[in-house]
Every structure is written in structure tokens, then in C-alpha cells.
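Heads up, the thing below is written out as C-alpha cells.
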Amino acid sequence: MPELPEVETVRRGLARWVTGRQIDTVEVLHPRAVRRHVAGAADFAAALPGRTVTDVHRRGKYLWLALDSDDAVIGHLGMSGQMLLTDASVPPGPHLRVRFTFTDGGPELRFVDQRTFGGLSLSPGGALLPPEIAHIAPDPFDPGYDPEFVVTALRKRRTGVKRALLDQTLISGVGNIYADESLWRAKLHGARASTELTRPGARRLLGHVTDVMAEALGHGGTSFDALYVNVNGESGYFDRSLAVYGREGLPCKRCGTPIRRESFMNRSSYSCPRCQPRPRRPSP
DNA sequence: CGCAGGCCCTGGTAGC
DNA sequence: TGCTACCAGGGCCTGC
Numbered sequence: 011m012p013e014l015p016e017v018e019t020v021r022r023g024l025a026r027w028v029t030g031r032q033i034d035t036v037e038v039l040h041p042r043a044v045r046r047h048v049a050g051a052a053d054f055a056a057a058l059p060g061r062t063v064t065d066v067h068r069r070g071k072y073l074w075l076a077l078d079s080d081d082a083v084i085g086h087l088g089m090s091g092q093m094l095l096t097d098a099s100v101p102p103g104p105h106l107r108v109r110f111t112f113t114d115g116g117p118e119l120r121f122v123d124q125r126t127f128g129g130l131s132l133s134p135g136g137a138l139l140p141p142e143i144a145h146i147a148p149d150p151f152d153p154g155y156d157p158e159f160v161v162t163a164l165r166k167r168r169t170g171v172k173r174a175l176l177d178q179t180l181i182s183g184v185g186n187i188y189a190d191e192s193l194w195r196a197k198l199h200g201a202r203a204s205t206e207l208t209r210p211g212a213r214r215l216l217g218h219v220t221d222v223m224a225e226a227l228g229h230g231g232t233s234f235d236a237l238y239v240n241v242n243g244e245s246g247y248f249d250r251s252l253a254v255y256g257r258e259g260l261p262c263k264r265c266g267t268p269i270r271r272e273s274f275m276n277r278s279s280y281s282c283p284r285c286q287p288r289p290r291r292p293s294p
């Protein structure tokens with residue numbers, strides 16, 4: 011499940027292998043992959059040939075290819091999306107959704123997505139920051155990220171801390187995995203009311219968010235020698251060292267208490283019952 | 001306006 | 001063995 015570190019790893023791979031190349035052809039193999047492009051798949055495919063990729067940017071879990079036309083191709087990986095750079099001779103897999111070829115005849119770019127939660131769209135004039143994702147807050151690695159502003163906003167939210175962390179309009183890039191990891195480091199249960207956070211407490215939590223994602227990025231962003239941009243941990247180079255996520259019943263790495271799993275927002279939350287006690291009056 | 005919950009997808013796996 | 005049920009979950013949308 012790609013969160014910020016995974017998307018940033020993909021961005022770096024794309025920046026290295028696609029920047030400066032001119033698009034030759036675009037083929038949409040599954041309309042759902044471009045459902046955010048209102049004008050439709052044919053329009054998407056027709057608009058891109060001849061354009062050159064000038065840069066690759068990211069905000070939170072979104073990334074976009076900036077084009078020499080000042081437009082942008084926005085991409086979101088969803089849960090299972092991958093950007094693969096593949097020689098044209100490699101036969102397409104079953105989940106190939108969109109294929110880009112380039113005029114240099116080099117490796118093609120394939121958007122592969124099993125569960126089709128991800129997708130691509132064309133953003134007119136969006137090269138610098140697509141208006142479609144202007145509502146997404148800066149992530150901790152964005153020059154525009156202001157932790158004191160987020161501290162203030164977080165403490166104003168009348169909701170649970172975890173729900174607030176997952177709100178991409180407050181701080182972006184945080185998903186279920188890194189939210190749980192950050193809360194474990196901060197010794198906070200996700201159902202704690204965000205209004206109860208002190209300013210220093212909120213600062214500490216946000217510091218953990220930044221740290222845990224920076225560490226994951228350090229683990230994942232190193233091996234880009236191959237012409238292969240992957241977002242799935244399955245490929246091996248994504249060696250996340252997780253303290254709580256997915257560790258139900260295993261000992262807490264701090265106190266040894268078995269990690270618990272709770273259902274929250276129709277997904278799983280992992281925490282240590284001892285380090286992260288449930289609040290008396292839980293917030294959603 | 002702020003917040004909460006439903007829905008979209010499909011491969012893998014557990015259970016019967 | 002073959003079926004069903006459930007799980008993974010980010011972001012958009014709707015309704016309160």
C-alpha cells in the first residue's frame with residue numbers, strides 16, 4: 011500500500027527515467043484507470059503524443075508528470091498501482107491499464123493496477139501544481155509544510171487523532187500504516203480526541219510522523235539501478251521495519267505486551283494496549 | 001461548514 | 001474440491 015515514502019520512491023524513479031523524453035503513443039487499456047479525466051479515455055490518449063516530460067513532482071500520495079505544454083499528467087497509485095518502465099518486448103501483464111511509448115524508442119511506461127483504485131488524468135495548466143490536487147495539504151517534506159500551522163489546525167479538529175492524521179487536507183502523505191507507527195511512537199491511542207492534545211504533544215506526534223516516513227524513505231529509495239519502478243513491498247527492496255502495523259499478538263517492541271488489532275473506519279488499527287491505552291471517552 | 005460513513009475494486013486466503 | 005465470505009484501504013461523495 012503506497013503511502014508517501016513509496017510514492018516518493020516512484021517519483022524519483024520516474025524523474026530519472028522519464029524526464030526529457032517525448033511521448034509518442036498512449037494507449038488506455040482500462041477506462042476506469044482514467045475515470046478522473048472527465049473528457050474520457052480517447053481524449054486523454056490523444057492529448058499527449060508529442061509532449062515532452064519536463065519534470066516529475068509529488069504532493070502527499072499524488073504525483074504528476076509536468077509537460078512542456080504546461081499541462082500535467084496526474085497519477086495516484088491507489089492501493090495497488092505501479093509505474094513500470096519496461097522494454098516494449100516484454101509481454102503485458104493482466105493488470106496493465108495505461109501504456110506510454112516514447113519517441114526515443116526506449117523503455118515504455120506502464121501503469122499497472124490490479125485493484126484500480128488508482129488512476130491517471132490530464133490537468134490543463136497543472137505543471138506546477140494541478141488545481142485538482144490544490145486541496146491536498148503539503149506533506150512533511152514539502153517546502154510549504156508548516157508544522158506550527160498543522161499543530162493549530164490539528165488541535166481545532168473535533169475528532170480522533172488518527173482520523174485527523176489520515177485527513178489529507180490537514181497533512182498529506184500519511185496512510186493507515188504510518189499513522190499507526192507514528193501513534194505508537196507518540197504513545198497515543200488513535201481514538202484520543204485531537205482537542206486534548208497539548209501543543210507540545212501535537213508537535214511531538216507530527217515529529218514522529220515525519221521521522222517514520224523519512225526512515226521508510228531511507229530504506230526504500232536506494233535501489234534504482236534497474237529500469238524498474240515498483241511500489242509493492244513484494245519486490246523486496248521495500249524493507250519497512252514496522253513496530254506495530256500488522257503485528258497483532260506479537261510483543262510490543264517497547265514493553266512486550268501483545269499488540270492489539272481494532273477495527274476502525276472499516277480498516278485495521280494496531281496499537282499496544284499498555285503504551286497506548288484507550289481514552290475513557292473515545293473520539294472517532 | 002465540519003464531520004462521519006458508504007462505496008468503489010479484485011486477488012488471496014480462511015473456513016466450511 | 002469448490003464454493004462463499006472476508007480482507008486489504010485512499011479518496012470522493014453524500015448526508016447529517
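Here the first sequence stands for residues 11 to 294, where the numbers follow my numbering. All C-beta atoms, glycine included, are put in the ideal place defined by N, C-alpha and C. Since the structure is predicted, the reported quantities are computational estimates derived from the model, not experimental observations.
Start-to-end residues for the alpha helix (DSSP H) that takes in residue i
i      : result
Glu258 : Looking at the DSSP string, Glu258 is not in any alpha helix (DSSP H), and its letter there is neither H nor E.
Tyr155 : Careful: Tyr155 lies outside any alpha helix (DSSP H) and carries neither H nor E.
Thr19  : 14 to 28
Asp53  : 51 to 57
Paired residues, beta bridge with residue i - DSSP
i      : result
Tyr280 : Arg271
Gln178 : In DSSP, Gln178 forms no bridge with anything.
Gly185 : Paired residues: none, contrary to the question.
Glu118 : Thr96
Ala203 : Gly170
Arg109 : Glu37, Arg120
His86  : Tyr72, Gly129
Gly136 : Note: Gly136 sits in no beta bridge, so no partner.
His67  : Trp74
Gly91  : Asp123
Gln32  : Thr62
Run of the beta strand (DSSP E) containing residue i, from where it starts to where it stops
i      : result
Gly129 : 129 to 133
Leu73  : 72 to 77
Val44  : Segment: none, Val44 is in no beta strand (DSSP E) and carries neither H nor E.
Closest by C-alpha distance to residue i, when choosing among the options
i      : options                        : result
Ala163 : Leu176, Val219, Leu180, Leu252 : Leu180
Phe274 : Asp190, Asp221, Ser204         : Asp190
Pro140 : Ala224, Ser279, Arg69          : Arg69
Arg173 : Cys262, Arg202, Ile269         : Arg202
Cys285 : Glu225, Gly200, Arg209         : Gly200
Ile146 : Thr111, Ala57, Leu175, Ser182  : Ser182
Ser251 : Leu175, Leu260, Val222         : Val222
Glu118 : Arg288, Trp27, Pro289, Tyr255  : Trp27
Glu16  : Val48, Ser278, Ser279, His229  : His229
Leu106 : Ser99, Leu14, Gln92            : Gln92
Pro64  : Arg46, Arg214, Ala25           : According to the sequence displayed, residue 64 carries Thr and not Pro. The residue with the shortest Cα to Cα distance from Thr64 is Ala25.
Asn276 : Arg264, Pro294, Ser90, Pro104  : Pro294
Arg271 : Ser281, Cys265, Arg264         : Ser281
Gly129 : Ala51, Ile187, Leu176, Leu198  : Ala51
Val20  : Leu39, Glu206, Leu227          : Leu227
Arg213 : Glu158, Pro59, Ala224          : Glu158
Leu73  : His40, Glu142, Leu39           : Glu142
Gly23  : Cys265, Val108, Thr96          : Thr96
Arg288 : Ala98, Pro134, Leu198          : Leu198
The ligand FAD heavy atom lying under 7 Å from the CB of residue i
i     : result
Arg31 : The ligand FAD is absent from the structure shown, which contains no ligand whatsoever.
Whole-Å CB distance - residue i paired with residue j, under 8 Å assumed
i      : j      : result
Leu87  : Arg120 : Actually they do not touch by this definition, with Cβ atoms about 13 Å apart.
Val44  : Phe54  : 5 Å
Leu77  : Thr62  : 7 Å
Val219 : Val184 : 6 Å
Pro268 : Gly259 : 5 Å
Ser131 : Val171 : Not a contact, Cβ separation roughly 32 Å.
Lys71  : Leu14  : 6 Å
Ala196 : Leu215 : 4 Å
Val38  : Pro59  : Incorrect: roughly 13 Å between the Cβ atoms, too far for contact.
Practice prompt. Inspect the CB distances between the stretch 164 to 175 and the stretch 80 to 99 and report whether three or more fall short of 8 Å.
Written response: Short answer: they don't touch.
Worksheet item: Below 8 Å, can you find three or more Cβ-Cβ pairs linking the stretch 153 to 161 to the stretch 124 to 131?
Response: No: the two stretches stay apart, fewer than three of their Cβ pairs being nearer than 8 Å.
Worksheet item: Do the stretch 101 to 119 and the stretch 23 to 41 touch if we need at least three Cβ pairs shorter than 8 Å?
Response: Cβ pair count under 8 Å is three or more, so yes.
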